[in-house]
Amino acid sequence: MANIRFESVRKVFGKVVAANDVSLEIKDGEFMVLLGPSGCGKTTLLRCLAGLERVDGGRVFIGERDVTDLPPRDRKIAMVFQSYAVFPHLTVFDNIAFGLKMQNRPRDEIKRRVEESARLLELSELLGRYPAQLSGGQRQRVAVARAIVMQAAVLLMDEPLSNLDALLRLQMRAELKRLHQEIKATTIYVTHDQVEALSLGDRIAVMQNGRIVQCDAPMRIYDYPANKFVGGFIGTPPMNFLPGIVRVNGNGATVIVGESHIAPAPAIAPALAAKNGQPILLGIRPENLALAPSQQANTIRARVRVIEPLGSHKLLTVQVGNEISKVSVAPDEHVALNDEVWLHFDPEKIRWMDAATGEAIR
Ligand code: ATP
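Residues in the sequence shown are numbered from 2 upward in steps of one, following our numbering.
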């Protein structure tokens, strides 16, 4: 069993609290992504698990073992880093075999395991080459093969794709997903790329300022961000936010956004009614806004400022009052620059946030 447990892990560098009482449990065989902007503490958390940093507080468990005070080599973890650092003077075979040789494994076992890892990473034809004779993507595959050949129950990856060009990243992303389905090692994967996180993770832990602000399945995080930060970090383009005020009248709660009255979905109406008179944020994703032919229920007036044809869809930048929003429409939608349009909100798709705290209202 290689489930992983962080219990109130704290790591401080001078005045910076890089991990602020982080508690997180990762199930055996799970693919967990740590996602967040630069400096939020993702790598620090990974390094605390690997034993490359000493924690200042809390405990770290792998399976039932408390590994908090164990040196890295006793934690039975394999790692792949952004700078994949393959040895230039060793062939692909010897690069992959390196860790096993250090363990003085028998020669035939090394050969068998290297060949198996090479097969999984589609490197079988390249075992005799040197890193200088490989493409960037192939070199990164060698780094991954070198980690998985150790058959560690826990695999840590820190931005492993960020040195690759866009097309290769896409390809390697799918390969890593397939690989995980085959080897099923408990995996923690650090990235600041939200698309990578959505694509790969069984769950995503979103970090901000040394804390985990939300941990859930990718589509839960996408559809129900816990706060404005998460909604604004995930999605390209991110969630739109428009300011409004809650008003309760005989019919229950409505939200006044500019000159429009938006009726919240029935399930959320009581929670909104409790905020009568308070400023609030209406959060909506670009694909959940539609152009309406005229003013009607749950619409708001906007002016088209930019039109970007993106092949599968058209991205509109629109001005709503003083705010800018993004709207994704069909590629053949008829719309012209500076048109005044009506945007329709599906109340079920609106995520309401407290304007003062940014926290989702549920
Ligand atoms: P990135 O995506 O840029 O790698 P990250 O989320 O992985 O960012 P960390 O590398 O964990 O972030 O850093 C968290 C915070 O701790 C940052 O403010 C960073 O400057 C600080 N920090 C990390 N390592 C050290 C160190 N060895 N000495 C001092 N400060 C550090």
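Cβ coordinates follow ideal geometry from the N, Cα and C atoms, glycine included.
Taking the C-alpha atoms as reference points, what is the distance between G30 and L162? As a position in the sequence shown, residue 30 is number 29, starting the count at 1. As a position in the sequence shown, residue 162 is number 161, starting the count at 1. Straight-line measurement puts the Cα of L162 at about 21 Å from the Cα of G30.
Quick check on the contact list: which residues have their beta carbon closer than 6 Å to a heavy atom of the ligand ATP? In chain order, the hits are F14, V17, A19, G37, S39, G40, C41, G42, K43, T44, T45, H193.
Quick check: what's the CA-CA separation for L53 versus L344? Taking the first residue of the sequence shown as 1, we reach residue 53 at position 52. Taking the first residue of the sequence shown as 1, we reach residue 344 at position 343. Cα to Cα, the separation comes out at about 51 Å.
Tell me C216's beta-bridge partners as DSSP assigns them. The residue given as residue 216 occupies position 215 in the sequence shown. A206, per the DSSP bridge assignment.
Same chain, Cβ closer than 7 Å to E160, neighbours up to 5 away in sequence not counted: Position 159 of the sequence shown holds residue 160. Within the same chain, Cβ atoms closer than 7 Å to the Cβ of E160 are found at Q83, V191, T192, the five residues on either side in sequence being excluded.
If contact is defined by three or more beta carbon pairs under 8 Å, each pair taking one atom from either stretch, is the region 253-261 in contact with the region 271-278? The region 271-278 makes contact with the region 253-261: 3 or more CB pairs, one atom from each, lie closer than 8 Å.
Selection from N210, I5, A175 that minimises the alpha carbon distance to K16: Counting from one through the sequence shown, the residue named residue 16 turns up at place 15. Restricting attention to N210, I5, A175, the CA atom closest to the CA of K16 is found in N210.
Locate the alpha helix (DSSP H) running through P271, then write down its first and last residues. Within the sequence shown, numbered from 1, the residue matching residue 271 stands at position 270. Boundaries of the alpha helix (DSSP H) harbouring P271: 270-274, taken from the DSSP string.
Can you list, in chain order, the residues of its chain with a C-beta nearer than 7 Å to that of A148? Leave out the 5 residues immediately preceding and following it. As a working mapping, residue 148 is identified with position 147 in the sequence shown. If the five residues before and after A148 are omitted, its C-beta is found closer than 7 Å to the C-beta atoms of A79, M80, V81, L156, all from its own chain and listed in chain order.
Using 10 angstroms around the beta-carbon of I325, count the other beta-carbons present and answer buried if the total reaches 16, otherwise exposed. Stepping through the sequence shown from its first residue, residue 325 is reached at position 324. It is exposed - the Cβ of I325 has fewer than 16 other Cβ atoms within 10 Å.
The region 5-19 contacting the region 41-51, beta-carbon criterion three pairs below 8 Å: Flag = yes, the region 5-19 and the region 41-51 touch.
On the criterion of 16 or more Cβ atoms from any shown chain inside 10 Å, does T237 qualify as buried, or is it exposed? Start at 1 with the first residue of the sequence shown, and residue 237 comes out as number 236. So T237 ends up on the exposed side.
What three-state label does DSSP hand A357 in the structure shown? The sequence position of residue 357 within the sequence shown is 356, counting from 1. Three-state DSSP puts A357 in coil, outside helix and strand.
What is the DSSP secondary structure of N228, reduced to helix, strand or coil? Position 227 of the sequence shown, counted from the first residue, corresponds to residue 228. Shown here, N228 sits in a strand according to DSSP, grouped into three states.
How is G245 classed by DSSP in three states: helix, strand or coil? Locating residue 245 in the sequence shown gives position 244, where the first residue counts as 1. In this structure, G245 counts as strand in the three-state DSSP scheme.
DSSP three-state label for H262, please. Here residue 262 refers to the residue found at position 261 when the sequence shown is read from its first residue. Collapsing the DSSP output to three states places H262 in a strand.
In terms of residue numbering, what span does the alpha helix (DSSP H) encompassing S200 cover? Numbered from its first residue, the sequence shown carries residue 200 at position 199. Segment 195-201, the alpha helix (DSSP H) holding S200.
Apart from the five residues on each side of it in sequence, which residues of its chain come closer than 8 Å, Cβ to Cβ, to L180? As a first step, residue 180 is located in the sequence shown; it is residue number 179 there, counting from the start. So the qualifying residues of the chain are L121, L122, V145, I149.
Please state whether DSSP places R363 in a helix, a strand or coil. The sequence position of residue 363 within the sequence shown is 362, counting from 1. In the structure shown, R363 sits in coil (DSSP, three-state: anything other than H, G, I, E or B).
Same chain, Cβ closer than 6 Å to I351, five either side skipped, listed in chain order: By 1-based counting over the sequence shown, the position of residue 351 is 350. Within the same chain, I351 has close Cβ partners L283, I285.
Which runs of the alpha helix (DSSP H) at least 4 residues long sit entirely within the region 20-89? Give them in chain order. You should have 43-51.
By Cβ distance, which residues of its chain are closer than 6 Å to G359, with the 5 residues on each side in sequence left out? Counted from its first residue, the sequence shown places residue 359 at position 358. Sequence-distant Cβ neighbours of G359 in its own chain, meaning closer than 6 Å and more than five residues away, are N228, K229.
In whole angstroms, what separates the C-alpha of G202 from that of N164? Here residue 202 is taken as the residue at index 201 of the sequence shown, counted from 1. Here residue 164 is taken as the residue at index 163 of the sequence shown, counted from 1. If you take the alpha carbons of G202 and N164, they lie about 20 Å apart.
Measure the alpha-carbon distance for I308 versus A361 and round it to whole angstroms. By one-based count along the sequence shown, residue 308 stands at place 307. By one-based count along the sequence shown, residue 361 stands at place 360. Pairing I308 with A361, the inter-Cα distance amounts to about 30 Å.
Can you tell me which of P294, A266, A291 puts its alpha carbon nearest to the alpha carbon of W353? Translated into the one-based positions of the sequence shown, residue 353 becomes position 352. Looking at the Cα atoms, A266 is the closest of the given residues.
Starting from T300, follow its DSSP beta bridges and name the residues at the other end. The residue given as residue 300 occupies position 299 in the sequence shown. DSSP output for T300 lists H345 as bridge partner(s).
Could you check how far apart the C-beta atoms of V143 and N96 are, in whole angstroms? I think they sit under 8 Å. Taking the first residue of the sequence shown as 1, we reach residue 143 at position 142. Taking the first residue of the sequence shown as 1, we reach residue 96 at position 95. Between N96 and V143 the Cβ distance is about 5 Å, and since that is below 8 Å, they are a contact.
Leaving aside the five residues before and after T318 along the sequence, list all residues of the same chain whose C-beta is less than 7 Å from its C-beta, in chain order. Position 317 of the sequence shown holds residue 318. Excluding sequence neighbours, T318 sits near R306, V307, I325, K327.
Whole-angstrom distance between R60 and S24, CA atom to CA atom: Residue numbering aside, residue 24 sits at position 23 when the sequence shown is read from its first letter. Residue numbering aside, residue 60 sits at position 59 when the sequence shown is read from its first letter. C-alpha separation (whole angstroms): 9 Å.
Please indicate yes or no: does the CB of R114 lie closer than 7 Å to some heavy atom of the ligand SAM? This structure lacks the ligand SAM; the ligands present are the ligand ATP.
In its own chain, which residues sit with a C-beta less than 6 Å from the C-beta of I205, not counting the 5 before and 5 after it? Here residue 205 refers to the residue found at position 204 when the sequence shown is read from its first residue. Listed in chain order, the non-local C-beta contacts of I205 below 6 Å within the same chain comprise V34, L36, A198, P219, I222, local neighbours out to five positions each way being set aside.
Residue burial classification, F242 (beta-carbon count within 10 angstroms, cutoff 16): If you number the sequence shown from 1, residue 242 lands on position 241. Taking all protein chains shown into account, F242 has 16 or more neighbouring C-beta atoms within 10 Å of its C-beta and is therefore buried.
Count the other CB atoms within 10 Å of the CB of N1; is the residue buried (16 or more) or exposed (fewer)? There is simply no residue 1 to check, as the chain begins at 2 and stops at 363 in what is shown.
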